[in-house]
Structure formats: C-alpha cells, structure tokens
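The structure appears below as structure tokens.
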Amino acid sequence: MTDASDLPKDDAPLAASKQGSAAVEAASGNVPEAQGAHITGRSVTINKPAQELYAFFRDFSNLPNFMENVESIRLHDEQRSHWVVKAPGGRTVEWDARVTEEVPGRLIAWTSEEGADVPNSGKVEFKPVEGRGTVVTATILYDPPGGIIGKIVAKMFQREPAIQARRDLRRFKQLMETGEVATPAKNRAEFEEMGL
Numbered sequence: 001m002t003d004a005s006d007l008p009k010d011d012a013p014l015a016a017s018k019q020g021s022a023a024v025e026a027a028s029g030n031v032p033e034a035q036g037a038h039i040t041g042r043s044v045t046i047n048k049p050a051q052e053l054y055a056f057f058r059d060f061s062n063l064p065n066f067m068e069n070v071e072s073i074r075l076h077d078e079q080r081s082h083w084v085v086k087a088p089g090g091r092t093v094e095w096d097a098r099v100t101e102e103v104p105g106r107l108i109a110w111t112s113e114e115g116a117d118v119p120n121s122g123k124v125e126f127k128p129v130e131g132r133g134t135v136v137t138a139t140i141l142y143d144p145p146g147g148i149i150g151k152i153v154a155k156m157f158q159r160e161p162a163i164q165a166r167r168d169l170r171r172f173k174q175l176m177e178t179g180e181v182a183t184p185a186k187n188r189a190e191f192e193e194m195g196l
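Everything in the sequence shown is counted per the UniProt record's numbering, starting at 1 for the first residue and increasing by one.
This is the structure we're talking about:
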C-alpha cells in the first residue's frame, strides 16, 4: 500500500488529488473496510458547530433533505441502512450500508455490504475551525455500474458522485445555515421530466 507521504507534493486534499490510482490506494487506507476503485473528495465550510452538523448528518433519515439523488434511506438499526439512489436513465440503484467507524462530533465512516448495485465506502469528517464554523469533508470510494462507460454516462446526466458530492455539500451548507435549500425556478418533477 502506498503511503500518502510517498506521493509527490500536492496541496489538494488526498481524495481530490491528481495522483490517480496511487491517491486512491493511499486514501482507501484512511477509510475503514474501503471498497471502490474511483475516489472523490469535497469539502465545505459551514458556519455551525461540528457537533450540531454531525448530529444532523448522523440521523440518516435527514440525508434525502439535501442529497438530491437519494430517493430514500430506510434504517435497519443504528449501524445499518438501506439506500435507494437515482441513476441515469430513470433507473435506481440500491445497497445496504454499514457504519464502520464513528467518532461522535467528528467522523462517520461506512461501507456498502455484499450485493450492492454500486459498491462504495467512505467517510465524512467534521473539523472545527476557530471563528469560521466547521469544515465538512466527504471522501467517497465507489465502483460505478458499467465501469468507465457507466461513469461517463453518469457524468453526462449529472449523477456522477464527484458532481453530486459538490452539490450535496453545498445544499447541506444552505440547509444548516439558513434552514432551507435554494431551488431553481423549475421544480424537481419538471427536472425529472427533462431527464436531469
């Protein structure tokens, strides 16, 4: 396994690094029970305390409120949940996820269980920043359905995890700071009719 210190200097977060498979390998060493050959990472600063953000995020039933492609999350228990997520072409993908590591107020990590339509794992970190709130960083490893072709199609339909992570974190920030998520002039049903 490649250690992050062995990689050439890159100021980007490891998950956003341009170092290719070496970055994926190094980042996956930081994700418990990591699975997935593709990586994405995004961060946002939210003007709220880390504990408040963590508590909201940890109640997985809150996530569809700001994750636009998540249709539903059904909780099995405190550690396991079932996810239904929109995919290109009006399809959905599903998986069961299990929390693999948790540090209250600081970190939630997960992995999908056997039989996932999209094998994935990752973590969300909440780091307080004096006088600015909290930096929330999402690192996601995944295997797109259909391999590289599936990834290209997902990107064309704006359903690729890197695009979604950026949008979802921006909506999380809006929801936590203002109490609502800004919406475009068209409503969600109109966008779905357009295939977006």
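Where is the CB? At the ideal position from N, CA and C, for every residue including glycine.
Of the other Cβ atoms in all chains shown, fewer than 16 fall within 10 Å of the Cβ of Lys127; this residue is therefore exposed. Using a Cβ distance threshold of 7 angstroms, Gly133 and Ile73 do not count as a contacting pair. Across the structure, Phe60 and Val70 are spaced so that their CA atoms are roughly 11 angstroms apart.
Sequence-distant partners of Glu125 (beyond 5 residues in either direction) whose C-beta falls short of 6 angstroms from its own C-beta, in its chain, are Leu107, Thr137. Within its own chain, the residues whose Cβ lies closer than 7 angstroms to the Cβ of Gln51, once the five positions on either side in sequence are excluded, are Gly105, listed in chain order.
In this chain, the alpha helix (DSSP H) harbouring Phe57 covers 50 to 58. In the DSSP assignment, Asn120 falls within the unbroken beta strand (DSSP E) covering 120 to 129. The C-alpha of Tyr54 is placed about 14 angstroms away from the C-alpha of Val99. Exclusion of the five residues before and after Gln79 leaves Arg98, Val99 as the residues of its chain whose Cβ lies within less than 6 angstroms of its Cβ.
The straight-line gap separating the alpha-carbon atoms of Asp168 and Met176 is approximately 12 angstroms. With a beta-carbon spacing of about 4 angstroms, Ser112 and Trp95 fall inside the 8 angstroms limit used to define contacts. In terms of Cβ geometry, Phe56 and Asn65 do not form a close pair [threshold 7 angstroms]. Annotation: the continuous beta strand (DSSP E) that includes Ser72 extends over 70 to 75.
Exposed is the label assigned to Val129, since fewer than 16 other Cβ atoms lie within 10 Å of its Cβ.
Per DSSP, Asp96 is one residue of the beta strand (DSSP E) stretching across 92 to 103.
As a beta-bridge residue in DSSP terms, Leu107 pairs with Val103, Glu125. For Thr178, the three-state secondary structure derived from DSSP is helix.
Distances from the CA of Glu114 to each of His82, Ser43, Thr139, Phe172 were compared; the closest alpha carbon is that of His82. If you compare the alpha carbons of Ile39, Arg171, Pro49 with that of Gly131, the shortest gap goes to Pro49.
Non-local beta-carbon contacts of Val135 in its own chain, meaning distances under 6 angstroms to residues more than five positions away in sequence, involve Ser43, Thr45, Lys127, Val129 in chain order.
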